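*Asks:* If you count by this note's numbering, then the sequence shown holds residues -1 to 132, one letter each, in order. All C-beta atoms, glycine included, are put in the ideal place defined by N, C-alpha and C. Predicted model only: the values in this text are computed from it and were never measured. One structure coming up, written as structure tokens, with questions to follow.
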Amino acid sequence: MKYTHKAFVRWDDLDAFGHVNNAKYLTYAQEARFEWGYSQFAENKEGSALIEMVVARGEVDYLLPITDGGSFYDLNLWVESIGNSSFVMGYEVVKGAVVYAKMKTVQVMIDLGSRKSRPINENEREFLNKYLAN
């Protein structure tokens, strides 16, 4: 199952070349991931709401430039794989049938006290599995 976030392209997201600055794409992914993670907390009121994590890696494939500030794009996200303490997410930025960018991030769950990685708990794993790509 995919989760869809409505990403708003702000006018100040555009750079001197008139397209969305490359760094903004990972900001869009962060906003979508945050909204998605809190949907887990709202759903069952248990677990960490998937906020006890850090991004260990991020990559973006820029397929087409986004040039229209002040508009919305769909940012679809899903879980690509789940490990012991980390998981990989995939993303695509789309408008209609056109894909503008594809992204991938690796998240590592952490213990907020020790700042060290920790295993994904049962509630988190159950939620992640709902969005696991087939």
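Pick from F70, E50, L130 and V97: whose alpha carbon is nearest that of I108?
*Replies:* Among F70, E50, L130 and V97, the Cα nearest to that of I108 belongs to E50.
*Asks:* Indicate whether the contact test is met: 3 or more Cβ pairs, each with one atom in the stretch 74 to 85 and one in the stretch 6 to 20, closer than 8 Å.
*Replies:* Taking 8 Å as the limit for Cβ pairs, the verdict is that the stretch 6 to 20 does not touch the stretch 74 to 85.
*Asks:* Could you check what DSSP says for D59 in three-state terms: helix, strand or coil?
*Replies:* Residue state, collapsed to three classes: strand.
*Asks:* Start and end of the alpha helix (DSSP H) containing E174?
*Replies:* As shown, the chain starts at -1 and ends at 132. That puts residue 174 outside it, with no answer to give.
*Asks:* Taking DSSP as the reference, what is the three-state secondary structure of T103?
*Replies:* In this structure, T103 counts as strand in the three-state DSSP scheme.
*Asks:* Inspect the CB distances between the stretch 51 to 63 and the stretch -1 to 9 and report whether three or more fall short of 8 Å.
*Replies:* Short answer: they don't touch.
*Asks:* Please confirm whether I64 and V18 have their CB atoms less than 7 Å apart.
*Replies:* Yes, Cβ-Cβ distance for I64 and V18 is below 7 Å.
*Asks:* I need the boundaries of the beta strand (DSSP E) containing F15, first residue and last residue.
*Replies:* Per DSSP, F15 belongs to no beta strand (DSSP E) and is neither H nor E.
*Asks:* Drop a sphere of 10 angstroms on the beta-carbon of E122, count the other beta-carbons inside from all chains shown, and report buried for 16 or more, exposed for fewer.
*Replies:* Buried.
*Asks:* What first and last residue would you give for the beta strand (DSSP E) that runs through T65?
*Replies:* Careful: T65 lies outside any beta strand (DSSP E) and carries neither H nor E.
*Asks:* A27 to P117, Cα distance in whole Å?
*Replies:* Rounded to whole angstroms, A27 to P117 spans 23 Å at the Cα level.
*Asks:* L75 bridges to which residues according to DSSP?
*Replies:* Paired residue(s): Y1 and Y89.
*Asks:* Would Y60 pass as a contact of K93 if the rule is Cβ separation under 7 Å?
*Replies:* Result no, Cβ atoms of Y60 and K93 do not sit closer than 7 Å.
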